[in-house]
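Peer 1: Okay, handing you the structure first.
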Amino acid sequence: MNTVYIGLGANLYEPQAQLNKAVEALLNHPDIKDMTVSSFYASKPMGPQDQPDYVNAVAKFSTMLEPEPLLDQLQLIEQQQGRVRKEERWGPRTLDLDILLFNEAIIDSPRLTIPHYGLCDREFVVFPMLEIDSKLCLPNGTALSDIAANLPRNGLTTLPVTQNKET
Ligand code: ROI
Numbered sequence: 278m279n280t281v282y283i284g285l286g287a288n289l290y291e292p293q294a295q296l297n298k299a300v301e302a303l304l305n306h307p308d309i310k311d312m313t314v315s316s317f318y319a320s321k322p323m324g325p326q327d328q329p330d331y332v333n334a335v336a337k338f339s340t341m342l343e344p345e346p347l348l349d350q351l352q353l354i355e356q357q358q359g360r361v362r363k364e365e366r367w368g369p370r371t372l373d374l375d376i377l378l379f380n381e382a383i384i385d386s387p388r389l390t391i392p393h394y395g396l397c398d399r400e401f402v403v404f405p406m407l408e409i410d411s412k413l414c415l416p417n418g419t420a421l422s423d424i425a426a427n428l429p430r431n432g433l434t435t436l437p438v439t440q441n442k443e444t
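Take any residue in the sequence shown, note its place counting from 1, add 277, and you have its number in the numbering used here.
Right, dumping it as structure tokens:
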């Protein structure tokens, strides 16, 4: 089994509901097991500021899927939730599912950079990851808690739990 961390993010069309729906899709996926999800967090946009605040979370799960087939499954869930790939770079999005860590793997392929290139700079990734696993280390041995100690929270706040409107 592989141990995977993914980042979830959305800032369009009821972002909190988008994340709830994505979590449900992951929970129902036959190849995804033993999932833990962080709290949902409200975060200030990284990149252009003329876009709504984001809702972010991190999930940890086990899977037999290899990285690229897993990426295919995550992109399928993004598409099912209305993600249009032509969305502007660093612009608003309905749902982003990014592979952050895949075991201790270091991957640099045309489709995948693992660990995720922005992991250490993004408070909306680092703090939710630490919530799930306070002792987590990156493949290079750096403790995530050491990265968090030098990372401003930039207004990151946990959101109260909500249910989907349709559930
Ligand atoms: N900013 C925040 N706060 N959260 C995100 O998930 C996010 N995703 C992105 C960019 C546009 C870089 N900014 C973000 O892709």
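Glycine residues also receive a C-beta, built at the ideal position from the N, C-alpha and C atoms.
1. Hey, would you say the C-beta of Phe401 is under 7 Å away from at least one heavy atom of the ligand ROI?
2. With a threshold of 16 other CB atoms inside 10 Å of the CB of Gln357, please say whether the residue is buried or exposed.
3. Name, in chain order, the residues that DSSP records as bridge partners for Ala336.
4. Measure the beta-carbon distance from Leu407 to Leu396 and round it to whole angstroms, keeping in mind my assumption that it falls under 8 Å.
5. Use the C-beta contact count for Arg366: other C-beta atoms within 10 angstroms, 16 or more gives buried, fewer gives exposed.
6. State yes or no: is the C-beta of Arg370 within less than 8 Å of the C-beta of Asn288?
7. Which two residues bound the contiguous beta strand (DSSP E) that contains Leu374?
Peer 2: In short, the structure shows the following:
1. yes
2. exposed
3. For Ala336, which the question treats as bridged, DSSP gives the partners Ile283, Val314.
4. That belief does not hold up - the Cβ atoms of Leu407 and Leu396 are roughly 12 Å apart, past 8 Å.
5. exposed
6. Their beta carbons are under 8 Å apart, which means Arg370 touches Asn288 by this criterion.
7. Annotation: the continuous beta strand (DSSP E) that includes Leu374 extends over 373-379.
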